[in-house]
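First the structure, in the form of structure tokens, and then the observations on it.
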Amino acid sequence: MTEPLVLIRNAGAVRTLSLNRPAALNSFTSGLHAELMAALEAAANDGGVRCVVLTGEGRAFCAGQDLADPSVAPDPAPGAAPKDLGHVISAYYAPLVARLRSMPVPVVAAVNGVAAGAGANLALCCDLVLAGRSASFIQAFSKIGLVPDTGGTWLLPRLVGPARALGIALLGDKLPAEEAARIGLIWQCVDDAALAEAAAALASKLAGMPTRALVATRQAMAAAQGMDLGTALAEEARIQRDLGNAGDYREGVEAFRAKRAPVFRDR
Ligand code: T3D
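Pasting the structure below:
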């Protein structure tokens, strides 16, 4: 029996997806792409899941594209046709980013080790990124003659500003987790030994919160990046109108007034 390329664990309303190609630092093959997409799709469609955690098996989070995969690695044979990396991005990485950014529940990245290339941007696509102190983020693309993909050109300047984003992307240097947290690239850096527990606690907290409002916040903040203030204010009014008609708002206000803990159910 072949090992699954994504391990799936459930704890209450939290589903953890763990990339499982540790010998190749969880780098992406078409098989890993397919299993990860299927696992995300299943989590999105399961009403019992209220938060997803993405992590990696072994000592890495994800080293990006598997550069040994013959479908993408340049063929050294003289006169061999170049590989169409545009197709690889459109067929695999772009749909993965779109899937993650439209998940109906919050997604936490628990970065347990190196996150390089598409692996770094996979983590940064998640809503909250926690990393172990020995983890690192590498925009490895420039080292092999590529640009940041998997949302990197969009995410990096928004997260850390254009000057830092360009430095990180051009140099492709290893950015330690502590520094990544200091400059606002990620949410938090914790001791390696505390990572799993910290991610579980964060995910469980998010799972108990009003899911629809959390997801709407992600979407509104992303959309507002391309709007003027007036348009963003109008969009806030539109979203608040929707959420104000939802059960979670009624429950949140009732619980506040009754001085009890709320039980949110919308998804
Ligand atoms: O190309 C396209 O299809 C377009 C899409 C591109 C998206 C991308 O992600 S491009 C960027 C691809 N990723 C990289 O360039 C990173 C390559 N890896 C590294 O730079 C280093 O491995 C790390 C900095 C991530 C870790 O370094 P280190 O010293 O801790 O480990 P290592 O010894 O280099 O790697 C350990 C093993 O994992 C090794 O295999 P071995 O020798 O033990 O059999 C190494 O070959 C393998 N490995 C690491 N990264 C990859 C990989 N194998 C295939 N693909 C990888 N990306």
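Everything in the sequence shown is counted per the working numbering, starting at 827 for the first residue and increasing by one.
Ideal Cβ positions, reconstructed from N, Cα and C, are used throughout, including at glycine.
When we look at the beta-carbon of residue i and count the other beta-carbons within 10 Å, is it buried (16 or more) or exposed?
i	result
ASN947	buried
VAL986	buried
ILE1012	buried
THR976	buried
ARG847	buried
ILE970	exposed
MET929	buried
PRO1036	buried
ASP1054	exposed
SER916	exposed
ALA1060	exposed
Alpha carbon to alpha carbon, how far is residue i from residue j?
i	j	result
ALA961	ASN871	31 Å
SER897	ARG1044	35 Å
PHE854	LEU862	10 Å
ALA860	TYR918	8 Å
ALA991	LEU893	24 Å
ALA903	ARG841	44 Å
LEU1069	ALA1039	7 Å
ALA1024	ALA989	31 Å
LEU911	ASP901	13 Å
VAL832	ASN852	10 Å
GLY1056	ALA935	33 Å
GLY873	ALA906	49 Å
PRO830	GLY857	10 Å
SER1030	LEU880	14 Å
For residue i and residue j, which I take to be in contact (beta-carbon distance under 8 Å), what is that distance rounded to the nearest angstrom?
i	j	result
VAL1041	VAL923	In fact, because the Cβ distance is near 16 Å, the residues do not count as touching under 8 Å.
ILE964	GLY998	6 Å
- prompt: Which ranges does the alpha helix (DSSP H) cover as unbroken runs of at least 4 residues, wholly within the segment 1004–1056, from first to last along the chain?
  reply: 1021–1033 and 1037–1050
task: Starting from the N-terminal end, write out each residue whose C-beta falls within a distance shorter than 5 Å of any non-hydrogen atom of the ligand T3D.
output: ALA850, LEU851, SER853, ALA889, GLY890, GLN891, ASP892, LEU893, ALA894, VAL898, LEU911, VAL914, VAL940, ALA942, GLY943, ALA944 and ALA966
message: Threshold first: 4 residues or longer. Then list the alpha helix (DSSP H) segments lying entirely within the segment 933–1013, N to C.
response: 944–950, 978–986, 988–997 and 1003–1008
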